[in-house]
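Numbers in this note's numbering are just positions in the sequence shown, counted from 1, shifted up by 2. Working notes, beginning with the structure itself.
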Amino acid sequence: MEITVDQEAFLDGLQRVALLAERKNLVQIGSFILIEARDQKAILFATDNQTGGRFEVPCEVRTPGKTTVAGKKLHQLFRELPSGKVSLTRLENGSTRIERERLMYDLKGIDPEEYVGFPEIKADYSFLVSLEQIAGLIRKTLPFVLDDESKPMNGVLFHRVREGSTVRLNIVGTDGHRLHHGTVLLGEDAGYDLAGQTESRFILRKKTLQDLLHVLDLDLKSGSVSVEVVVNPKYATFRWGGFYYYTRLLGTPFPNYRDAFPSQFNLGIECSRSLLESSIRRMSLVSDKKAEIVFSWDARSLTLSTRNEEIGESTETLPVFLKGSPGSLVFNTDQIRTLLQVCQGETMRMDAVMDPDPAKSSSMPSIWSCAEEPDSRYVIMPLEAAD
Numbered sequence: 003m004e005i006t007v008d009q010e011a012f013l014d015g016l017q018r019v020a021l022l023a024e025r026k027n028l029v030q031i032g033s034f035i036l037i038e039a040r041d042q043k044a045i046l047f048a049t050d051n052q053t054g055g056r057f058e059v060p061c062e063v064r065t066p067g068k069t070t071v072a073g074k075k076l077h078q079l080f081r082e083l084p085s086g087k088v089s090l091t092r093l094e095n096g097s098t099r100i101e102r103e104r105l106m107y108d109l110k111g112i113d114p115e116e117y118v119g120f121p122e123i124k125a126d127y128s129f130l131v132s133l134e135q136i137a138g139l140i141r142k143t144l145p146f147v148l149d150d151e152s153k154p155m156n157g158v159l160f161h162r163v164r165e166g167s168t169v170r171l172n173i174v175g176t177d178g179h180r181l182h183h184g185t186v187l188l189g190e191d192a193g194y195d196l197a198g199q200t201e202s203r204f205i206l207r208k209k210t211l212q213d214l215l216h217v218l219d220l221d222l223k224s225g226s227v228s229v230e231v232v233v234n235p236k237y238a239t240f241r242w243g244g245f246y247y248y249t250r251l252l253g254t255p256f257p258n259y260r261d262a263f264p265s266q267f268n269l270g271i272e273c274s275r276s277l278l279e280s281s282i283r284r285m286s287l288v289s290d291k292k293a294e295i296v297f298s299w300d301a302r303s304l305t306l307s308t309r310n311e312e313i314g315e316s317t318e319t320l321p322v323f324l325k326g327s328p329g330s331l332v333f334n335t336d337q338i339r340t341l342l343q344v345c346q347g348e349t350m351r352m353d354a355v356m357d358p359d360p361a362k363s364s365s366m367p368s369i370w371s372c373a374e375e376p377d378s379r380y381v382i383m384p385l386e387a388a389d
């Protein structure tokens, strides 16, 4: 194999697939990128046997063929190379020679024939979704998902629902104490449903979506871009531009997220997100890492209070709009801080079902939303009802 590529274009491709090859993979091929040269393009492919990414880069193909290179080192090297034309040649000893004017590097690889190719993925259904919207909802969801993959509810649910001519994609993540539910309207031409289903769902690992989001973010400034999502019982694929990403689905159960949202509320509080975030950030300075924060409200104000036995106490009061009766709840400070960091609008709203019995109030979820972001809503479970 012998090709000539543009350094910037090739680096752009490496940024999309090298992430899979930079992990501490248990399989040997997972540390290498496969480069296949044909039809005046270089096809870059990386996989860890659970997920895989492929990207096509235009190039001058002098000799078609395949080679493999350690993904992390290749990515690092191309970041440091000067812009311009770079040649890649597979040598008889299996190494890949990389040349740029007076620079020459020989990087070892493995036999390309040992490399596992892309699995054949036949669609049960497919749909199109805005790249900007799906990236935004994934970004909001990931902080609410468990990092520990050995525990239940460690994935993100994608739930596609068709009601007449309207199709919505719901993206949901939870750790059992908090939850994010985001929706995006797909429209009548949302895709091709081979099974004629009105409802379909699949679950993906958090790490998988972190990798996918990394690549989605690279194309956020590319204008109006649609992502094609194809799903079958074992795999999901995401395709846009010259990039193609596949991943195995999780087979773990997922709770009915709709049950987390009460149909009626008797409390509604609206306040400034920036003021609330600033207050909690200051109050965290005098509280420990596992601090609890008390929310107490009346007709005109919300009072926040924390206590640390070793450092002291803090209290701040914010103006609010209240619908309901005075009361109080206790929340985990870190969970509220994460919520406020994820939201980007200015008007925060908390809805809840308050009961005369404080214990019953603390067992009901509080529902948070941002007026400027109507496609997302959040659940934060109170710790207890404050005295």
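A virtual CB, placed ideally from N, CA and C, is assigned to each residue, including glycine.
In the displayed model, Arg339 falls within a helix according to three-state DSSP. Under the three-state reduction of DSSP, Ala262 is assigned to helix. One thing to note: Glu318 has its Cβ within 9 Å of the Cβ of Ser281. The beta carbons of Ile205 and Val158 sit closer together than 9 Å. Spatial neighbours of Arg351 in its own chain (CB-CB distance under 6 Å, excluding positions within 5 residues in sequence) are listed in chain order as Glu272 and Ser371. When the beta-carbon positions are compared, Leu171 and Arg162 come within less than 9 Å of each other. Going by DSSP, Lys362 is part of the alpha helix (DSSP H) stretching over Pro360 to Ser364. Membership of Leu211 in the alpha helix (DSSP H) is indicated by the continuous run Lys208 to Leu220. Secondary structure of Arg104 (DSSP, three-state): coil. In the structure shown, Glu62 falls within a strand segment according to DSSP collapsed to helix, strand and coil. Annotated as proximal: Asn310 and Ser289, with beta-carbon spacing under 9 Å.
Restricting attention to Lys74, Phe120, Phe80 and Arg40, the CA atom closest to the CA of Thr49 is found in Phe120. Between the alpha carbons of Ser226 and Ile5 lies a gap of roughly 32 Å.
Comparing alpha-carbon positions, the option among Phe245, Pro384, Glu62 and Ala44 lying closest to Val229 turns out to be Phe245.
Nearest neighbour of Phe47 by Cα position, chosen from Val332, Arg18, Pro66 and Gly67, turns out to be Arg18. Classified as exposed, Lys87 has fewer than 16 neighbouring CB atoms from the shown chains inside 10 Å of its CB.
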